[in-house]
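Worksheet: one structure, shown below.
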Amino acid sequence: MTTIDFSTTIGNAWFPAPTFTASGCASSGRELAQFFPLREMGGVVTKSVMSRVRPGRPTPRMAETPSGMLNSIGLQGPGIDAFLAQDIPYLVEQKARVIVSIAGETVEEYSTLARKLRSVSGISAVEVNISCPNVENRGLVFACDPDASRRVIDGVRRTLGGELPIIAKLSPDVTDLVSIARGVVDAGADGLALINTVLGMVINVNTMRPQLGGKTGGLSGPAIRPIAVRAVYQVHAALPKTPILGMGGIANGKDALEMILAGASGVSIGTASFGNPTAIMSIQSELKQMLIDRGFKSLKDAIGYAHRVEEVTNE
Amino acid sequence: MSPINKNAKQVLAPIASNKRVGTYHQIIVNIGDLAQKCKPGNFVAIKVGGENSALVLRRAFAISRVSTSSATGGTMELIVAPGGQGSTWLCDRIEGDLIDIVVPLGTAFGVPTEPVPVLLVGGGYGSAPLFGLAEILNARGSRVDMILGASTSSNIYAPMEGKRAVNTMRIYTEDGSAGQTGRVTDNLYEQIKDLKAAVVYSCGPMSMLSAITTITKALDVVHQCSVEESMACGIGICMTCVLPVQGEDGSVSMLRSCIDGPVMDGSSVSWNQVGKAL
Chain A
1 MTTIDFSTTI GNAWFPAPTF TASGCASSGR ELAQFFPLRE MGGVVTKSVM
51 SRVRPGRPTP RMAETPSGML NSIGLQGPGI DAFLAQDIPY LVEQKARVIV
101 SIAGETVEEY STLARKLRSV SGISAVEVNI SCPNVENRGL VFACDPDASR
151 RVIDGVRRTL GGELPIIAKL SPDVTDLVSI ARGVVDAGAD GLALINTVLG
201 MVINVNTMRP QLGGKTGGLS GPAIRPIAVR AVYQVHAALP KTPILGMGGI
251 ANGKDALEMI LAGASGVSIG TASFGNPTAI MSIQSELKQM LIDRGFKSLK
301 DAIGYAHRVE EVTNE
Chain B
1 MSPINKNAKQ VLAPIASNKR VGTYHQIIVN IGDLAQKCKP GNFVAIKVGG
51 ENSALVLRRA FAISRVSTSS ATGGTMELIV APGGQGSTWL CDRIEGDLID
101 IVVPLGTAFG VPTEPVPVLL VGGGYGSAPL FGLAEILNAR GSRVDMILGA
151 STSSNIYAPM EGKRAVNTMR IYTEDGSAGQ TGRVTDNLYE QIKDLKAAVV
201 YSCGPMSMLS AITTITKALD VVHQCSVEES MACGIGICMT CVLPVQGEDG
251 SVSMLRSCID GPVMDGSSVS WNQVGKAL
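Chains as they are written, first to last, in full-length UniProt numbering: chain A, 1 to 315; chain B, 1 to 278.
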């Protein structure tokens with residue numbers, strides 16, 4: 001049997017497989033555990049957690065769209081203390097590798113959240129979600145502002161010290177993604193998560209009002225995949241040493257391979273899990289087989305392979 | 001903390017039959033031993049649209065009845081009216097077609113430990129799961145009465161065989177095309193009192209469930225209702241299908257109708273906050 005080194009690294013964190021949940025798409029992890037052992041994927045990226053309990057946005061929170069969906073959850077969650085008390089011990093007990101995703105309303109809130117994570121064991125990395133589109137004030141989307149993005153990551157880096165890798169989750173809804181990526185990497189991010197959902201809207205033609213309670217929502221699913229592949233490709237070209245967690249509509253092994261070839265060190269699966277609770281398992285095995293079929297000895301050899309420059313040979 | 005989705009399995013299941021009855025379809029699916037795990041109130045999440053479909057989300061359908069004794073093993077019955085793309089696709093399936101299902105999901109109707117009079121209230125095709133429930137309640141010795149309502153007669157679901165477990169059935173239509181003209185809630189207060197109903201079970205539009213709760217609260221009668229809210233995953237990971245529910249400490253939090261429901265205690269749902277920011 002052909003074998004392959006399927007492992008990947010983000011900063012100093014090692015994962016046996018390059019497949020992850022996308023933040024906000026696996027809740028606490030318990031819900032998916034009925035369908036496959038959580039330790040069998042690369043890792044669980046938990047739902048972005050804030051300092052306090054947050055009820056989220058009004059319903060309806062969902063609208064299906066062609067090859068995708070809009071969501072408008074608004075970071076509903078139990079708050080960091082309940083999360084650390086209830087969810088982390090469960091994931092650790094399941095032997096899942098855990099990337100904790102945090103979200104704040106201010107630069108200080110991110111640092112406060114990071115401080116709470118310092119002493120928690122069983123965490124592989126921290127995702128700093130600076131790009132949730134479902135906030136009342138678009139000015140709060142830090143990832144749309146290069147300076148605010150840098151300040152958040154700088155604060156988290158200082159609080160965490162040098163131990164836990166930081167992954168900054170960025171929005172595609174910007175003019176110059178590369179400059180924002182460069183800024184957060186300079187500020188201390190070890191990796192990048194690309195992309196968060198794309199801001200969108202559906203209007204119900206019967207009520208003749210926006211379909212979602214929160215009016216706007218984040219578009220996800222295969223509809224946004226080319227945007228995600230482009231984003232990963234552009235950022236990898238500019239920052240080839242920075243590991244990227246690629247996401248946006250990955251639904252099968254081929255989609256995952258596309259993202260790896262564009263420059264992602266790993267892939268996150270979100271909307272596909274909504275349609276198929278075992279999607280991550282099938283994507284993982286399909287990706288592995290496609291890499292073997294193409295002669296790769298390790299996943300790492302395939303990362304960014306679409307950027308290669310062919311030697312010109314004269315015959 | 002109790003396990004979530006603890007009986008749920010994802011399987012490819014064959015369609016045993018698909019019969020068009022008036023404006024809806026009665027679809028029977030072979031689900032083998034999983035039928036033993038399905039209780040009235042549970043639902044199934046079905047992948048729709050086929051291999052290359054642009055429909056990325058599953059569709060949730062209430063299980064109207066299960067049989068554990070059919071010749072081909074266990075089956076579940078679904079009552080589906082073709083409306084959107086997903087339900088239309090499902091209604092186009094024929095005997096032998098395989099469908100990708102996740103079942104059973106969600107909470108079930110609680111059955112009283114002692115036989116007590118109960119009243120079942122259904123709106124439109126929402127009444128479908130009430131017939132499976134009626135059979136179980138009837139078998140346990142409860143007196144079962146039923147009230148059904150819809151905008152018009154063709155949207156009433158009341159199969160002949162389903163009536164066996166029911167003592168009386170009243171029908172209301174808003175256009176008067178069947179039964180009495182009006183709504184299920186018009187005389188509900190008096191009917192609950194007359195029947196001395198100890199529990200009201202309901203399934204239908206949210207406005208109906210809310211109106212029933214007002215009446216059951218006034219009479220201090222238990223109201224178990226099956227709610228509906230836009231749902232993306234059906235297994236608790238997407239957080240879209242939430243409803244404001246009051247906990248024992250009085251605080252209201254957004255609970256998922258897929259795993260903390262669809263069957264909820266009507267008196268705990270904060271109906272006037274549905275669709276609003278908390």
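Think of the CB as a built atom: it goes at the ideal place given N, C-alpha and C, for glycine as much as any other residue.
Bridge partners for Tyr172 of chain B per DSSP, in chain order? B:Gly149, B:Gln180
Under 6 Å Cβ to Cβ from Lys19 of chain B, same chain only, skipping five residues before and after it: list those, please. Gln26
Could you check what DSSP says for Gln10 of chain B in three-state terms: helix, strand or coil? strand
Can you list, in chain order, the residues of its chain with a C-beta nearer than 8 Å to that of Pro165 of chain A? Leave out the 5 residues immediately preceding and following it. Ile10, Gly11, Asn12, Ala13, Ser124, Ala125, Val126, Asp190, Gly191
Listed from N- to C-terminal order along the chain, which residues in the UniProt domain "FAD-binding FR-type" (8-111) of chain B have their beta-carbon within a distance smaller than 8 Å of any beta-carbon of chain A? Ala8, Gln10, Lys47, Ala54, Leu55, Val56, Leu57, Arg58, Asp100, Val102
So which residues on chain B does Pro55 of chain A lean against when the C-beta distance must stay under 9 Å? Val242, Pro244, Val252, Ser253, Met254, Ala277, Leu278
Return the chain-ordered list of same chain residues with a C-beta closer than 7 Å to the C-beta of Val111 of chain B, the five sequence neighbours on each side being excluded. Ile136, Leu137, Arg140
In angstroms, rounded to a whole number, what distance separates the CA positions of Glu161 of chain B and Leu32 of chain A? 38 Å
Leaving out the 5 sequence neighbours to the left and right, which residues in its chain are closer than 8 Å to residue 316 of chain A when beta-carbon positions are compared? Here chain A covers residues 1 to 315 and nothing more, so residue 316 of chain A does not appear.
Note down, in chain order, each residue of its chain lying with its Cβ closer than 8 Å to the Cβ of Asp5 of chain A, except the 5 sequence neighbours on either side. Lys297, Ser298, Leu299, Lys300
Report back the beta-carbon spacing between residue 356 of chain B and Thr185 of chain B to the nearest angstrom; my notes put them in contact at under 8 Å. Shown here, chain B extends from 1 to 278; a query on residue 356 of chain B therefore has no answer.
Coarse secondary structure for Gln224 of chain B, derived from DSSP in three states: strand
From Ser285 of chain A to Val56 of chain B, what does the alpha carbon distance come to, in whole angstroms? 21 Å
When the Cα of Gly200 of chain A is compared with those of A:Ser220, A:Arg182, A:Leu117, which residue comes out closest? A:Ser220
Where the segment 110-135 of chain A meets chain C: residues whose CB sits under 7 Å from a CB there: Among the protein chains of the structure shown, namely A and B, there is no chain C.
Taking only beta carbons into account, state which residues of the segment 136-169 of chain B come closer than 8 Å to chain A, listed in chain order. none
Measuring only between beta-carbons, confirm whether Thr278 of chain A sits less than 8 Å from chain B. yes
Across which residues does DSSP place Tyr110 of chain A in a beta bridge pair? Paired residues: none, contrary to the question.
Mind reading off the beta-carbon distance from Ala35 of chain B to Ser64 of chain B? Whole number of angstroms is fine, and I expect it under 8 Å. With 8 Å as the limit, Ala35 of chain B and Ser64 of chain B do not qualify as a contact, their Cβ atoms being about 13 Å apart.
Taking the DSSP output, what are the residues bridged to Arg157 of chain A? None, per the DSSP bridge assignment.
By alpha-carbon positions, which one of B:Ala232, B:Gly266, B:Ser207 ends up nearest to Gly275 of chain B? B:Ser207
Secondary structure of Pro60 of chain A, DSSP reduced to three states: coil
To the nearest angstrom, report how far apart Cys233 of chain B and Ala54 of chain B are at their CA atoms. 16 Å
Quick check on Ile99 of chain A: does DSSP put it in helix, strand or coil? strand
Taking CB distances under 8 Å as the criterion, tell me whether Val261 of chain B reaches chain A. Note that residue 261 of chain B is Gly in the sequence shown, not Val. No, its Cβ sits nowhere closer than 8 Å to a Cβ of chain A.
Between the alpha carbons of Thr173 of chain B and Gly122 of chain B, how many angstroms are there, rounded? 12 Å
Counting only the same chain and skipping the five closest in sequence on each side, list residues whose C-beta sits under 7 Å from that of Ser111 of chain A. Gly155, Val156, Thr159
Using a threshold of 8 Å, state whether the C-beta atoms of Ala148 of chain A and Lys169 of chain A are closer than that. no
In chain A, what lies closer than 9 Å to Val118 of chain B by C-beta? By Cβ distance, chain A contributes nothing, its closest Cβ being about 30 Å from Val118 of chain B, past 9 Å.
What number of angstroms, rounded off, separates the C-alpha of Thr113 of chain B from the C-alpha of Thr21 of chain A? 42 Å
Contacts around Gln76 of chain A, its chain only, beta-carbon distance under 7 Å, and the 5 residues preceding and following it disregarded: Arg54, Pro55, Gly56
Output needed for Gly249 of chain A: all residues of its chain with C-beta closer than 6 Å, excluding positions within five of it in sequence on either side, in chain order. Gly221, Pro222, Ile224, Arg225
From Trp271 of chain B to Gly161 of chain A, what does the alpha carbon distance come to, in whole angstroms? 47 Å
Can you tell me whether DSSP reads Met281 of chain A as helix, strand or coil? helix
In three-state terms, what does DSSP make of Gly200 of chain A? strand
Is it buried or exposed for Arg118 of chain A, if we count other Cβ within 10 angstroms and need 16 for buried? exposed
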